[in-house]
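Please read the structure below before turning to the comments.
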Amino acid sequence: MNIAQRLSAARETRLEERPQQNAMAQAVSETLREGGFLMAEAGTGVGKSFAYLIPALEYALQNGGPVVVSTHTLTLQEQLYQKDLPLVLKALEKEGLGPATAVLMKGRGNYLSKRRLALSLDNARQMDFDGENADLFKIQEWAARSPEGTLATAGFPIPSDVWNEVKSDPFHCLGPQCATFDTCFYHSVRRKGYGAHLILVNHALLLADLALKMESEQGVLPPYKTLIVDEAHHLPSLAAEHLATSVTLSECLGLVKRLLYADDKSGDGPKGLFALLPASGAGEAVMEFKAAAEGFFNEIALAALPAPALNRAYPLPEKVPPVSRLAGPLQKIEALLEVAEESAPSEELELEAKGTREECRALVRRLSYILERGWGEEACYVVEPDGAALRRGEIKASGLKAIPLDASGLIRENLLSTVKSVVFTSATLSVGKDFAYFRHALGLDDFEESHRVKTLWVGSPFDYKKQVTLFLPRAMPHPRREEEAYTKAVIDYTRASLQHSHGKAFVLFTSFKMLRQVAEAVRPDLEELGITLLVQGEEGWDRTRLLKVFREDVHSVLFGVNSFWEGVDVPGEALSNLIITKLPFQVPEGPLVEARHARMKKRGLEPFQVESLPEAVLRLKQGFGRLIRTSSDVGTVTILDPRVTTERWGRVFLNALPECETVYLSKPGMPENKAKVKR
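Residues 3 to 681 in the numbering used here are what the sequence shown spells out, letter by letter.
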């Protein structure tokens, strides 16, 4: 029985069979059964989630042990857990397979700690903190009826400083000795994970688990040998970010606030752990650490950041303040906490003191690693500016980071070498059916001899030749050498195109600067025609609201940057005109990119060919994929960057797109005569 028949039987409907979906499901099943790695690119409309969920659960039912499925976006995670998985579980049960179980796991900091909430409520009552009680009582009421206990399900805003006091974390956990252990939100979901056939996580949790195992061999997730990574094209870049070591000023000041501070607004007196566990000299020690942290980050900022500075990372200067600048005050605090721990009136307060001591030590370890450049030349060490301060014209640093230049080795040694089989899938993994870039980025090159590394490319079931017309204007100015003329040409074409389609359009940009310039220029014309212009970044318009209005108002236009190149699913007439203003090359600036490119050149590699070009191609494929979401969608795609036809490497972009009717325009505008030719 194929996938369509199974799902049809489960919901008593008749589904169209998709050969591409069945081919992918067979490849996934073979990989899970035989072991090894599969890189599977599945075009839009294949239904790849069913193509891996059904084989994954079948494998788990037959072999035991969990299959971990990881996604990048919350949208896909919710779709899998709330829509796709229930249907798959029902289909398998109808065949006499199961019952199978699936659990959704989030990062530990997303879960409320019932014990810490109770402790915070008791402390607030004892110290007569009326203002803080309001937040805590709301959390208490929500926790009493919440089956999940995660921050995202609270339904009301919780201040970050309040959440930090009540969230679950490893430093303040009693484990099985805790009175709330049996009903603990975090430990309950972990117990379910140990008995589940499928565990659904996001990439952030997958990588956090990996980082913990690298440090202590004790991860967040139950042991697993089978992994499926959807939206896998994000994993290499996310790995570098999540496996980085960092220390932030807000982290230091948050520790100060939890230790001891005075709330001048409420006049309630001192708050924090040392208010509950008084220790001689605690106030002075905490204030010394606060002053040291602020002075440390100010000194780093003056040495690393130019004036004026951009809101981007800058290299860590060679000469940095010594670790002892912060380690000294923290060691004093540790000693005071140890004394307070011994005289604590309750086990809960004793644990808070002990856990906070561990936090202090961990902070010093991370700071030492960064300042002493613990990864050597295999990492980039950066100072991150305070964006809010920059907008006020001030030069301040928000944090320090040590980011690995190439996370592929860490992934290979600490993840891929420890599992039996992994399936990587996405709509964009290959550059013209060549998986070399992704293979290298994830460290799969070294597995060729000892493991089977397979690739699978299944195209979309949609008929792009009939559904899409691709416009390629040939006479556009060069976007870099003639920036001003290029922007004007983009404005002229966009204005004419949007008037012609009367909205129904999505315009993708690579910078907010050009987005704002084009929006300002075309807005009056669109308003005159009754076309709604929706612009990312305008006050009061978040992503969810922009997309809701765009879907509902057929005669609207959406301008987007960065995150809007993917994850936008607007089927039907509301999106039938897609304009891509510029090829999505990453701006080759910033210490991390510069360090990575320098490393490549030392090895005799050309960064443009090895990294910049394939990344831009994958990004373009994501943007192109926004147009056709169903078999009945039709529309046009325009790529306004002339380099796609004038540069030799432009052919790489065109070859990576689905084959569709192509119209080369001899002028930047919307001419009457269009010469239709096939690529």
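We put the beta carbon where it would ideally sit given N, CA and C, even for glycine. Nothing here was measured: the structure is a model prediction, and the numbers come from that model.
Check your understanding: Is VAL460 helix, strand or coil by DSSP?
Key -> Translated into positions along the sequence shown, residue 460 becomes position 458. Correct three-state label for VAL460: strand.
**Study point:** Proximity winner among THR46, PHE39 and GLU19, relative to ILE461 (alpha-carbon distances)
**Key:** Taking the first residue of the sequence shown as position 1, residue 461 is located at position 459. In the sequence as displayed, the identity of residue 461 is Gly instead of Ile. Looking at the Cα atoms, THR46 is the closest of the given residues.
Review point. Hey, quick one: how far does the alpha helix (DSSP H) through ASN166 stretch, first residue to last?
Key: For the purposes of this step, residue 166 is taken as residue 164 along the sequence shown, with counting starting at 1. Residues 162 to 168.
Practice item. Using a threshold of 8 Å, state whether the C-beta atoms of ARG110 and PRO172 are closer than that. Key: Taking the sequence shown and counting its residues from 1, the one referred to as residue 110 is at position 108. Taking the sequence shown and counting its residues from 1, the one referred to as residue 172 is at position 170. Yes; because the gap between Cβ atoms is below 8 Å, this pair is in contact.
Exercise for review: Have a look at ALA677 and LEU240 and give me their C-alpha separation to the nearest angstrom.
Suggested key: Mapped onto the sequence shown, residue 677 falls at position 675. Mapped onto the sequence shown, residue 240 falls at position 238. At ALA677 the pLDDT is 37, less than 50, meaning the model places this residue with poor confidence and gives no usable figure here.
Point to revise | Cutoff 7 Å; reference ARG20; Cβ partners in own chain excluding five residues on either side | key: For the purposes of this step, residue 20 is taken as the residue at position 18 of the sequence shown. The residues are ALA6, VAL48, GLY49 and PRO463.
Check your understanding: Grouping DSSP H, G and I as helix and E and B as strand, with all else coil, what is VAL641?
Key -> Within the sequence shown, residue 641 is the residue found at index 639, counting from 1. Contrary to the premise, residue 641 reads as Ile rather than Val in this sequence. Correct three-state label for ILE641: strand.
Point to revise | Runs of beta strand (DSSP E) wholly within the region 197 to 277 (minimum 3 residues, chain order) | key: Fully enclosed beta strand (DSSP E) runs of 3 or longer: 200 to 204, 228 to 231 and 247 to 250.
Practice item. For the beta strand (DSSP E) containing THR427, list its first residue and its last residue. Key: For this step, residue 427 is matched to residue 425 along the sequence shown. 423 to 428 is the span of the beta strand (DSSP E), which, as asked, contains THR427.
Exercise for review: Inspect the CB distances between the region 60 to 71 and the region 199 to 213 and report whether three or more fall short of 8 Å.
Suggested key: yes
**Study point:** Simplified DSSP assignment, three categories, for LYS194
**Key:** As a position in the sequence shown, residue 194 is number 192, starting the count at 1. In the structure shown, LYS194 sits in a helix (DSSP, three-state: H, G or I).
Exercise for review: Taking ALA58 as the reference, give the member of ARG545, LEU34 and VAL168 with the closest Cα.
Suggested key: Here the question's residue 58 lines up with position 56 in the sequence shown. Ranked by Cα distance from ALA58, the options ARG545, LEU34 and VAL168 are led by LEU34.
Review point. Taking C-alpha atoms, which residue in LEU114, PRO387 and GLY401 lies nearest to GLY395?
Key: Position 393 of the sequence shown holds residue 395. Of the listed residues, the one whose Cα sits closest to GLY395 is PRO387.
Point to revise | Cβ contact (3+ pairs, closer than 8 Å) linking the region 301 to 314 and the region 370 to 389 | key: yes
Review point. Quick one: what does DSSP say GLU19 is sitting in, helix, strand or coil?
Key: What you label residue 19 is simply residue 17 of the sequence shown in a count that begins at 1. Correct three-state label for GLU19: coil.
Exercise for review: Check whether the Cβ atoms of LEU560 and GLY637 lie closer than 8 Å to each other.
Suggested key: Locating residue 560 in the sequence shown gives position 558, counting from the first residue. Locating residue 637 in the sequence shown gives position 635, counting from the first residue. Not a contact, by the Cβ cut-off of 8 Å.
Point to revise | The beta strand (DSSP E) enclosing TYR666, as first and last residue numbers | key: As a first step, residue 666 is located in the sequence shown; it is residue number 664 there, counting from the start. Element bounds for TYR666: 663 to 667.
Review point. According to the Cβ coordinates, are VAL222 and LEU262 closer than 8 Å?
Key: Reading the sequence shown from its first residue, position 220 is the one you call residue 222. Reading the sequence shown from its first residue, position 260 is the one you call residue 262. In this structure, LEU262 does not lie closer than 8 Å to VAL222 by Cβ.
Practice item. Taking LYS403 as part of the beta strand (DSSP E), name the residues at either end of that continuous run. Key: For the purposes of this step, residue 403 is taken as residue 401 along the sequence shown, with counting starting at 1. Per DSSP, LYS403 belongs to the beta strand (DSSP E) from 399 to 406.
Review point. Where does ALA102 fall in DSSP's three states?
Key: Within the sequence shown, the letter at position 100 stands for residue 102. In this structure, ALA102 counts as coil in the three-state DSSP scheme.
Practice item. Decide yes or no for the touch test of the region 643 to 650 against the region 477 to 493: beta carbon pairs closer than 8 Å, at least 3 of them. Key: yes
Practice item. Classify ASP232 as buried or exposed, calling it buried when 16 or more other Cβ atoms lie within 10 Å of its own Cβ. Key: Translated into the one-based positions of the sequence shown, residue 232 becomes position 230. ASP232 sits buried, since 16 or more C-beta atoms from the chains shown fall within 10 Å of its C-beta.
Review point. Just the Cα atoms here: how many angstroms apart are LYS456 and PHE449?
Key: Stepping through the sequence shown from its first residue, residue 456 is reached at position 454. Stepping through the sequence shown from its first residue, residue 449 is reached at position 447. The alpha-carbon separation between LYS456 and PHE449 amounts to approximately 11 Å.
Check your understanding: Between LEU304 and ILE397, is the Cβ-Cβ spacing less than 8 Å?
Key -> Locating residue 304 in the sequence shown gives position 302, counting from the first residue. Locating residue 397 in the sequence shown gives position 395, counting from the first residue. Yes, the Cβ-Cβ distance between LEU304 and ILE397 is below 8 Å.
Practice item. Assign ALA122 to one of three DSSP states: helix, strand, or coil. Key: In the sequence shown, counting from the first residue as 1, residue 122 sits at position 120. In the sequence under discussion, the amino acid at residue 122 is Ser, which differs from the Ala named in the question. SER122 falls in the helix class under three-state DSSP.
**Study point:** Coil, strand or helix - LEU568 by DSSP
**Key:** Within the sequence shown, the letter at position 566 stands for residue 568. One detail in the question is off: residue 568 reads as Glu in this sequence, not Leu. DSSP places GLU568 in coil when its eight states are reduced to three.
Review point. Secondary structure at MET478, three-state DSSP: helix, strand or coil?
Key: Position 476 of the sequence shown, counted from the start, is the residue given in the question as residue 478. Coil, per DSSP.
Practice item. Would you kindly work out how many angstroms separate the C-alpha atoms of PHE291 and ALA443, rounded to a whole number? Key: The sequence position of residue 291 within the sequence shown is 289, counting from 1. The sequence position of residue 443 within the sequence shown is 441, counting from 1. The straight-line gap separating the alpha-carbon atoms of PHE291 and ALA443 is approximately 41 Å.
Exercise for review: Check whether the Cβ atoms of VAL492 and VAL520 sit closer than 8 Å, and answer yes or no.
Suggested key: Indexing the sequence shown from 1 puts residue 492 at position 490. Indexing the sequence shown from 1 puts residue 520 at position 518. Yes; because the gap between Cβ atoms is below 8 Å, this pair is in contact.
**Study point:** Close Cβ partners of ARG359 (< 6 Å) along its chain, the five nearest in sequence each way excluded
**Key:** Position 357 of the sequence shown holds residue 359. Around ARG359: GLU336 and LEU339.
Check your understanding: Exposed or buried, which one is ALA600 when buried takes at least 16 other CB atoms within 10 Å?
Key -> Along the sequence shown, read from residue 1 onward, the residue named residue 600 stands at position 598. That one is exposed.
Exercise for review: Sort GLU344, LEU402 and PHE299 by Cα distance to TYR371 and report the nearest one.
Suggested key: If you number the sequence shown from 1, residue 371 lands on position 369. Ranking GLU344, LEU402 and PHE299 by Cα distance to TYR371 puts LEU402 first.
Review point. DSSP state of PHE511, grouped into three classes?
Key: Taking the sequence shown and counting its residues from 1, one reaches residue 511 at position 509. In the structure shown, PHE511 falls within a strand segment according to DSSP collapsed to helix, strand and coil.
Check your understanding: Per DSSP, what kind of secondary structure is CYS180 in: helix, strand or coil?
Key -> Numbered from 1 along the sequence shown, position 178 holds the residue referred to as residue 180. Residue state, collapsed to three classes: coil.
Point to revise | Span of the alpha helix (DSSP H) around ALA391 | key: As a working mapping, residue 391 is identified with position 389 in the sequence shown. That run of the alpha helix (DSSP H) goes 389 to 393.
Practice item. Please name the residue in PHE139, VAL249 and GLU150 whose C-alpha comes closest to that of LEU114. Key: Position 112 of the sequence shown, counting from 1, holds the residue named residue 114. The shortest Cα separation from LEU114 among PHE139, VAL249 and GLU150 belongs to GLU150.
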